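K.L.:
So in this note's numbering the end of the sequence shown lands on 145, straight run, no missing numbers.
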Amino acid sequence: MATGTVVRFDEVRGYGFIAPDGGGEDVFVHVNDLCDEKHLFRSGLRVAYTAEAGDRGLKAGEVQLLEPPRAATVRRQAPGPVTARSAASEPDEDLVCEILSVAEFRSELTEALLDAAPSLTAAQLVQVRKRVMDLAQAHNWIDA
2 MATGTVVRFD EVRGYGFIAP DGGGEDVFVH VNDLCDEKHL FRSGLRVAYT
52 AEAGDRGLKA GEVQLLEPPR AATVRRQAPG PVTARSAASE PDEDLVCEIL
102 SVAEFRSELT EALLDAAPSL TAAQLVQVRK RVMDLAQAHN WIDA
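(1) Which residues in the same chain as Pro92 place their Cβ atom closer than 8 Å to its Cβ, once the five residues preceding and following it in sequence are excluded?
(2) Check Asp11 in the structure and name its three-state DSSP category.
(3) Since Gly58 and Val127 should fall inside the 8 Å C-beta cutoff, what is the C-beta to C-beta distance between them, to a whole number of angstroms?
(4) Rounded to whole angstroms, what's the CA-CA distance from Ala73 to Phe10? Just pull it up for me.
(5) Using a 10 Å radius around the Cβ and a threshold of 16 neighbouring Cβ atoms, would you call Thr111 buried or exposed?
(6) Asp34 and Glu63: beta carbons closer than 8 Å?
(7) In its own chain, which residues sit with a C-beta less than 6 Å from the C-beta of Gln65, not counting the 5 before and 5 after it?
(8) Just mark Gly23 as buried or exposed, buried being the case when its beta carbon has 16 or more other beta carbons within 10 Å.
(9) With a 10 Å radius around its C-beta and 16 neighbouring C-beta atoms as the bar for buried, classify Ala54 as buried or exposed.
(10) Thinking Arg43 and Glu68 are a contact (beta carbons under 8 Å), I'd like their distance in whole angstroms, please.
(11) Leu115 and Arg130 look like a contact to me (Cβ under 8 Å); what is the Cβ gap, rounded to whole Å?
(12) Ends of the alpha helix (DSSP H) at Arg132?
(13) At the level of alpha carbons, what is the spacing between Val75 and Val8?
(14) What is the residue span of the beta strand (DSSP E) that Glu63 lies within?
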């Protein structure tokens, strides 16, 4: 069985994505393939699953939680806007911003895309996210 981390799971829509520990594209997961109750699946939880070839790429099957879910999930606050510092305070730095890890950025991006365009298919979401991830890495907006 493969292992990974839940990037996003929407129990209302009945699907989500898992970031494989070995890297590569996220794996689609459908509510029918969960071995535990759907309300237990949240971003950041570790899971084990079987990878199956689906119509649109890899699909997770027999998805099991590897850790018990916490009673309450603390969500990391999104970084604030990029601000220019005054020349007097620190002349060497023009901008201050938070650099996210690849996993953090992928998670934030997935949430933003699904919020902005909930009608995106899984294939469309993966395609758009890949292009934005490539752009972010090319500009060093995220840690590689």
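Glycine residues also receive a C-beta, built at the ideal position from the N, C-alpha and C atoms.
Since the structure is predicted, the reported quantities are computational estimates derived from the model, not experimental observations.
P.N.:
Judging by the given coordinates:
(1) By one-based count along the sequence shown, residue 92 stands at place 91. For Pro92, the pLDDT reaches just 44, beneath the cut-off of 50, and the residue's location in the model is therefore unreliable, leaving the point undetermined.
(2) In the sequence shown, the residue the question calls residue 11 occupies position 10. In the structure shown, Asp11 sits in a strand (DSSP, three-state: E or B).
(3) Your numbering for residue 58 matches position 57 in the sequence shown. Your numbering for residue 127 matches position 126 in the sequence shown. About 7 Å; that satisfies the 8 Å criterion.
(4) Residue 73 sits at position 72 when you count from the first residue of the sequence shown. Residue 10 sits at position 9 when you count from the first residue of the sequence shown. Because Ala73 sits at a pLDDT of 41, beneath the cut-off of 50, its placement in the model cannot be relied upon, and the following sentence gives the value as read from the coordinates. Distance between the alpha carbons of Ala73 and Phe10: 16 Å.
(5) Residue numbering aside, residue 111 sits at position 110 when the sequence shown is read from its first letter. It counts as buried.
(6) For this step, residue 34 is matched to residue 33 along the sequence shown. For this step, residue 63 is matched to residue 62 along the sequence shown. Yes. Within cutoff.
(7) As a position in the sequence shown, residue 65 is number 64, starting the count at 1. Correct list, in chain order: Cys36, Ala49.
(8) Counting from 1 along the sequence shown, the entry for residue 23 is found at position 22. That one is exposed.
(9) Numbered from 1 along the sequence shown, position 53 holds the residue referred to as residue 54. That one is exposed.
(10) What you label residue 43 is simply residue 42 of the sequence shown in a count that begins at 1. What you label residue 68 is simply residue 67 of the sequence shown in a count that begins at 1. That pair is no contact at about 11 Å.
(11) The residue you call residue 115 lines up with position 114 of the sequence shown. The residue you call residue 130 lines up with position 129 of the sequence shown. About 10 Å separates the CB atoms of Leu115 and Arg130; that is not less than 8 Å, and the two are not in contact.
(12) Taking the sequence shown and counting its residues from 1, the one referred to as residue 132 is at position 131. That run of the alpha helix (DSSP H) goes 123-139.
(13) For this step, residue 75 is matched to residue 74 along the sequence shown. For this step, residue 8 is matched to residue 7 along the sequence shown. Confidence is the limiting factor: at Val75 the pLDDT is only 40, short of 50, which leaves the residue's position unreliable, though a coordinate-based value still follows. It is roughly 15 Å from the alpha-carbon of Val75 to the alpha-carbon of Val8.
(14) Within the sequence shown, numbered from 1, the residue matching residue 63 stands at position 62. Glu63 -> beta strand (DSSP E) spans 58-66.
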